[in-house]
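Chemist: Below: one structure in structure tokens.
In mature numbering (1 follows the signal peptide of the UniProt record, and there is no 0), the protein residues as written are -20 to -1, 1 to 326.
As structure tokens, then:
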């Protein structure tokens, strides 16, 4: 793909995201979502591999269905209340349809089946966009409509997302699929708290995006897509593999790394809202995700060749690591430990 086309698609993604997050009217929000969908499709299918074409087709069909449901929900609400404002979603049927639509957009359980398949068929850089940038407009719509939505339904979907995200990622060997189930699990944490403290959901999303970007860019630097290849990276890039270990543990939410902060605050807020059973359930289910993060970390740093499965060996090139990877990995691991020092300076 030539640079001009990439620039057009990147600008379209930025424009679609900006339109959706800054709109008050349902039609402009829907238009922004459509621009986003159409801009990401060529980036998914750019390799012309059958798997990539299949991923692009699946993505188009699911996102089209979700956009149609967003439009149907807003029209139903406007029919009954005369309001097209996003924050004035009051009709119960419209709220239910919108919850389904945003769940499809985000990949929440039980509408999650498309996400691992699409991520598996996409390049790592496009997978990063699908996991972070493409989730931002639906999260903002969820943020604006959160007071109107059913909290019981959201907490149920959240617990199921954390459970299935952890459970289905256990036996995967493809790293992109593992990161897809990781994303589903993290979205469960965000959905759990959206009705009680929407700002905490946004904080969780920002930190999740930071950590996921660090992991995707690190994997892109070492050109790794499978666990069997990941086992040989320590000999080639030991420093990057060590930082990848810490970033994966941060994504798992282990203290004192950055990923522990949103989980700590969410558990605290759920307990304050007399939702202790939900907090305990979601915490225990996140141990499933911890297993496959530890598995990735083990493969990246502790397993050394030649004790690996058979695969084609890669050339050992001393390519310098990009500055963005260095900044993101440090932020993804050290934000929480450094926060008391930063607050004292401010």
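Note that beta-carbon positions come from the ideal geometry of N, C-alpha and C, so glycine has one too.
On a CA-only basis, which of 141, 159, 250 is nearest residue 180? Give me that one, please.
Modeler: The candidate whose alpha carbon is nearest that of residue 180 is 250.
Chemist: To the nearest angstrom, how far is it from the Cα of residue 21 to the Cα of residue 273?
Modeler: Cα to Cα, the separation comes out at about 29 Å.
Chemist: Expressed to the nearest angstrom, what Euclidean distance is found between the alpha-carbon atoms of residue 100 and residue 33?
Modeler: Residue 100 and residue 33: Cα-Cα distance of roughly 12 Å.
Chemist: If we ignore side chains and look at the alpha-carbon of each, how far apart do residue 338 and residue 200 end up?
Modeler: Outside the shown range of the chain, which is -20 to 326, sits residue 338, and nothing can be said about it.
Chemist: Once you ignore the five residues that flank residue 315 on each side, which residues in its own chain have a CB closer than 6 Å to its CB?
Modeler: These residues qualify, in order along the chain: 238.
Chemist: Can the beta-carbon of residue 327 be found closer than 8 Å to that of residue 139?
Modeler: With the chain represented from -20 up to 326, any question about residue 327 goes unanswered, as that position is not in the structure.
Chemist: Let me make sure I understand the geometry here. Which of 2, 161, 128 has the alpha-carbon closest to that of residue 70?
Modeler: Residue 70 has its Cα closest to that of 128, out of 2, 161, 128.
Chemist: Looking at the structure shown, is residue 203 part of a helix, part of a strand, or coil, going by DSSP?
Modeler: Residue state, collapsed to three classes: coil.
Chemist: Could you give the DSSP three-state label for residue 166: helix, strand or coil?
Modeler: It is helical.
Chemist: For the candidate residues 38, 74, 57, whose alpha-carbon lies nearest to that of residue 97?
Modeler: Nearest option by C-alpha distance: 38.
Chemist: Any contact between the region 115 to 128 and the region 81 to 89? By contact I mean 3 or more CB pairs, one from each, below 8 Å.
Modeler: Yes: the two stretches touch, three or more of their Cβ pairs being nearer than 8 Å.
Chemist: Leaving out five residues before and five after residue 236 in sequence, what residues of the same chain have Cβ atoms less than 7 Å from its Cβ?
Modeler: Same-chain partners within the cutoff: 316, 317.
Chemist: Rounding to the nearest angstrom, what Cα-Cα distance links residue 28 and residue 35 in this structure?
Modeler: Each residue's Cα considered, the two are about 11 Å apart.
Chemist: Where does residue 92 land, buried or exposed, given buried means 16+ other C-beta within 10 angstroms?
Modeler: Result: buried.
Chemist: Do residue 78 and residue 50 have their CB atoms nearer than 8 Å?
Modeler: Yes. Within cutoff.
Chemist: Quick one: is residue 111 near chain C, going by C-beta distance under 8 Å?
Modeler: Within the model displayed, chain C is absent; a lone protein chain is all it includes.
Chemist: Please give the ranges of any alpha helix (DSSP H) in the region 78 to 131, keeping only runs that are unbroken, at least 4 residues long and fully inside the region.
Modeler: 94 to 100, 104 to 111, 116 to 125, all fully within the region 78 to 131.
Chemist: Taking all protein chains shown into account, decide if residue 7 is buried (16 or more other Cβ within 10 angstroms of its Cβ) or exposed.
Modeler: Label assigned to residue 7: exposed.
Chemist: In the structure shown, what three-state DSSP assignment does residue 60 receive?
Modeler: DSSP places residue 60 in helix when its eight states are reduced to three.
Chemist: At 3 residues or longer, what runs of the beta strand (DSSP E) sit wholly inside the region 135 to 163?
Modeler: Those beta strand (DSSP E) runs which fall completely within the region 135 to 163 and span 3+ residues do not exist here.
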